[in-house]
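Student: In case it helps, this note's numbering puts the sequence shown at residues 80 to 514. For every residue, glycine included, the Cβ atom is placed at its ideal position computed from N, Cα and C. One structure follows; several queries about it will come next.
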Amino acid sequence: MQLLSPRLRLLLIGAVWLLTLFAIILWLGGSRQKHLTIAGGLQGSETYALSQAIADAINHSRTGLQITVYESGGSGENSRLLEAGRVDLATIQADTPVTDRVAGVATLYRNAYHLLALDGAGIDSVADLPGHRVAIPPASSGEFKSFWFLVDHYRLPRDGMIALPMSEAAADFAMQRGQVDAVFRVRAPGNAAIRELIGERRMHLVPIPQAQAMALQEPAVEPGVIPLGSYRGHPALPEADLPTAIVDRLLVARSDLKPSVVHKLTRELYDHRAEIMDANRLAGFIGPVGEESDSVVAAHPGARAYYDREKPGYLQQNARLFSALLYVLVIVGSGLLALRTHWVRSRRMRMHTFNRQLMDIAAAVRREHGVEALLQRKHQLVDMLDEVVRDLEREKVSQEEFEHFSFTWQAVDALIRDRLHLGDALPAPQVEASS
Numbered sequence: 080m081q082l083l084s085p086r087l088r089l090l091l092i093g094a095v096w097l098l099t100l101f102a103i104i105l106w107l108g109g110s111r112q113k114h115l116t117i118a119g120g121l122q123g124s125e126t127y128a129l130s131q132a133i134a135d136a137i138n139h140s141r142t143g144l145q146i147t148v149y150e151s152g153g154s155g156e157n158s159r160l161l162e163a164g165r166v167d168l169a170t171i172q173a174d175t176p177v178t179d180r181v182a183g184v185a186t187l188y189r190n191a192y193h194l195l196a197l198d199g200a201g202i203d204s205v206a207d208l209p210g211h212r213v214a215i216p217p218a219s220s221g222e223f224k225s226f227w228f229l230v231d232h233y234r235l236p237r238d239g240m241i242a243l244p245m246s247e248a249a250a251d252f253a254m255q256r257g258q259v260d261a262v263f264r265v266r267a268p269g270n271a272a273i274r275e276l277i278g279e280r281r282m283h284l285v286p287i288p289q290a291q292a293m294a295l296q297e298p299a300v301e302p303g304v305i306p307l308g309s310y311r312g313h314p315a316l317p318e319a320d321l322p323t324a325i326v327d328r329l330l331v332a333r334s335d336l337k338p339s340v341v342h343k344l345t346r347e348l349y350d351h352r353a354e355i356m357d358a359n360r361l362a363g364f365i366g367p368v369g370e371e372s373d374s375v376v377a378a379h380p381g382a383r384a385y386y387d388r389e390k391p392g393y394l395q396q397n398a399r400l401f402s403a404l405l406y407v408l409v410i411v412g413s414g415l416l417a418l419r420t421h422w423v424r425s426r427r428m429r430m431h432t433f434n435r436q437l438m439d440i441a442a443a444v445r446r447e448h449g450v451e452a453l454l455q456r457k458h459q460l461v462d463m464l465d466e467v468v469r470d471l472e473r474e475k476v477s478q479e480e481f482e483h484f485s486f487t488w489q490a491v492d493a494l495i496r497d498r499l500h501l502g503d504a505l506p507a508p509q510v511e512a513s514s
């Protein structure tokens with residue numbers, strides 16, 4: 080005999096095929112590589128080098144992410160490319176104006192304002208810049224904006240500035256030839272290109288001591304220092320910790336990039352940090368994007384999910400409150416349980432009393448022979464039933480207890496009826512005459 084009909088067998092086979100097809104589709108979707116593009120800045124810059132180190136480490140890890148780094152003009156151009164959807168990721172200075180189409184992934188490292196001047200040029204402070212030739216980064220870079228922000232903060236006349244936008248290589252050449260008096264850059268302290276430019280030449284770094292005041296106008300700027308001897312050990316350059324303005328270099332993503340992709344990218348960034356550091360020491364400064372309240376660029380939901388993975392949940396944060404509530408609930412629950420136990424016990428005792436009274440009536444009925452006495456017992460029985468019914472209505476007794484009582488009550492009632500029916504035939508009790 081066949082256990083399954085042909086139609087049912089076909090349905091089961093079809094279901095198995097559909098499940099298999101669905102599993103294959105899921106597997107293919109999960110194993111498919113996700114290609115991402117990064118606008119990494121000018122080729123040869125420390126930002127581009129770090130972006131390439133990140134891409135190489137993640138590409139070699141076979142995690143399903145494939146990253147390509149493209150050369151770009153700097154933070155300003157990077158933000159425009161990102162907002163236009165032409166790249167997935169970009170590196171920008173934290174003071175670069177962005178829209179809500181840009182979200183943070185990680186802080187890469189900290190940049191410092193560098194104002195490097197020739198000895199003898201007469202530039203010992205920012206206020207000395209007017210009338211001097213200053214090589215500044217190209218207009219597409221965030222550093223270009225930073226220079227003019229610095230000029231405006233010191234209220235220097237723009238028309239008195241001889242600011243010459245040019246590439247890093249051109250600025251180095253002009254500085255070495257004495258064709259410019261100073262060069263402005265925003266770089267990580269100890270930058271190799273600046274160290275090479277200085278070499279043994281007679282140059283000095285100009286302090287920028289008003290960073291805290293600058294932060295009132297630009298929240299991304301913080302006060303910081305270029306440490307003593309960052310660019311030369313002997314004679315030391317700078318000669319002491321040099322006050323300057325600090326601004327973070329960020330890795331950002333399109334805000335519409337899938338959170339799962341950004342979460343995976345952020346995880347891989349930290350999982351392969353050692354390999355990235357082998358290629359670029361700046362990777363040692365990689366850190367999370369700041370909290371929403373103190374970050375100029377909001378973190379991408381995918382990155383925030385990674386950073387918050389070990390944060391205590393709501394229950395953990397309010398553990399003491401919930402412990403107190405649980406303690407109160409236990410006490411209240413114990414009290415209610417005790418009250419219920421007392422109520423159930425008292426109800427059972429009440430039903431026990433009624434049942435005992437029924438047994439007493441039954442015993443009395445067996446002893447008595449007069450009709451009047453039996454009728455009196457009948458009245459007692461009816462009164463008892465009335466009292467129990469009222470208790471049932473007031474929920475002093477349960478339905479189950481009432482049914483048990485009814486069974487006994489009916490038995491006693493039947494006994495009384497039988498005795499009344501036989502009442503005339505019952506002999507009167509004999510009383511012995513006294514002698």
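1. Where does R328 fall in DSSP's three states?
2. When you compare each of M254, I273, D198, I171 to F223 by their alpha carbons, which one comes out closest?
3. What is the C-beta distance between R274 and Y310, in whole angstroms, given that I count them as a contact (C-beta under 8 Å)?
4. Could you tell me the boundaries of the alpha helix (DSSP H) in which N359 lies?
5. In the DSSP assignment, find the unbroken alpha helix (DSSP H) run with R264 in it and report its ends.
6. Should the stretch 152-161 be regarded as contacting the stretch 379-391, the criterion being three or more beta carbon pairs within less than 8 Å?
7. Report the option in S219, A218, G201, S220 whose CA atom is closest to the CA atom of H211.
8. If you drop the 5 nearest sequence neighbours on each side, which residues of the same chain put their C-beta closer than 8 Å to that of Q58?
9. Quick check on the burial criterion: 16 or more other C-beta atoms within 10 angstroms. Buried or exposed for G257?
10. Using the DSSP secondary-structure output, state which residues sit across from P145 in a beta bridge.
11. Can you tell me whether V213 is buried or exposed? The criterion is at least 16 other CB atoms within 10 Å of its CB, across all chains shown.
12. Can you give the Cα-Cα distance for P322 and A196, rounded to whole angstroms?
13. Any idea what DSSP makes of Q296, helix, strand or coil?
14. Helix, strand or coil for I137 per DSSP?
15. Relative to the C-alpha of P306, which candidate in A324, V300, G93 has its C-alpha closest?
16. Quick check: the stretch 176-192 against the stretch 328-343, are there 3 or more CB pairs under 8 Å?
17. Quick test of the definition: if touching needs 3 or more C-beta pairs under 8 Å, does the stretch 282-294 touch the stretch 150-158?
18. Please go through the same chain and pick out, in chain order, the residues whose beta-carbon is closer than 6 Å to the beta-carbon of L276, but skip the five residues on each side of it.
19. For Q172, which of helix, strand or coil comes out of DSSP?
20. When the Cα of Q436 is compared with those of E466, G412, Q131, which residue comes out closest?
21. Can you tell me which of the three DSSP states Q81 falls into?
22. With burial defined as no fewer than 16 other Cβ atoms inside 10 Å of the residue's Cβ, what is the status of M428: buried or exposed?
23. Between D470 and V476, which are expected to be in contact by the criterion C-beta below 8 Å, what is the C-beta distance as a whole number of angstroms?
24. Could you tell me the distance, in whole angstroms, from the CA atom of E156 to the CA atom of A332?
25. Is the beta carbon of V259 less than 9 Å from the beta carbon of N190?
26. Taking the straight line between their C-alpha atoms, what separation do you get for R446 and Q459?
27. Tell me the rounded alpha-carbon separation between E472 and E482.
28. How should I146 be labelled, buried or exposed, when 16 other C-beta atoms within 10 angstroms of its C-beta is the threshold for buried?
29. Taking the beta strand (DSSP E) that T186 belongs to, which residues open and close that run?
30. Give the single residue among H313, L499, F433 whose Cα lies nearest to the Cα of S485.
31. Which term fits P176, buried or exposed, when burial requires 16 or more other beta carbons within 10 angstroms of its beta carbon?
32. Please report the distance separating the alpha-carbon of L344 from that of A132.
33. M282 lies in the beta strand (DSSP E); which residues open and close that run?
34. What span of residues does the beta strand (DSSP E) with A214 cover, start to end?
35. Rounded to a whole number of angstroms, what is the C-alpha to C-alpha distance between A319 and G303?
36. Taking Cβ to Cβ, would you say Y406 is nearer than 9 Å to H342?
Tutor: The relevant details are as follows:
1. strand
2. Closest in alpha carbon position to F223, among M254, I273, D198, I171, is I171.
3. 5 Å
4. First-last for N359: undefined, no H or E at that position.
5. That residue, R264, is in no alpha helix (DSSP H); its beta strand (DSSP E) goes 261-266.
6. no
7. G201
8. With the chain covering only 80 through 514, there is no way to say anything about residue 58.
9. exposed
10. Contrary to the premise, residue 145 reads as Gln rather than Pro in this sequence. Partner(s): H114.
11. buried
12. 16 Å
13. helix
14. helix
15. A324
16. yes
17. With a cut-off of 8 Å on Cβ pairs, the stretch 282-294 is not in contact with the stretch 150-158, counting fewer than three such pairs.
18. D251
19. strand
20. E466
21. A caution first: Q81 carries a pLDDT of 46, below 50, which makes its placement in the model unreliable, though a value can still be read off. Three-state DSSP puts Q81 in coil, outside helix and strand.
22. exposed
23. 5 Å
24. 14 Å
25. No, the Cβ-Cβ distance between V259 and N190 is not below 9 Å.
26. 16 Å
27. 14 Å
28. buried
29. 181-197
30. Nearest C-alpha to S485 among H313, L499, F433: F433.
31. exposed
32. 14 Å
33. It spans 282-284 - the beta strand (DSSP E) in which M282 sits, taken as one unbroken run.
34. Taken as a continuous stretch (DSSP letters only), the beta strand (DSSP E) holding A214 covers 212-215.
35. 13 Å
36. At the C-beta level, Y406 and H342 stay beyond 9 Å of one another.
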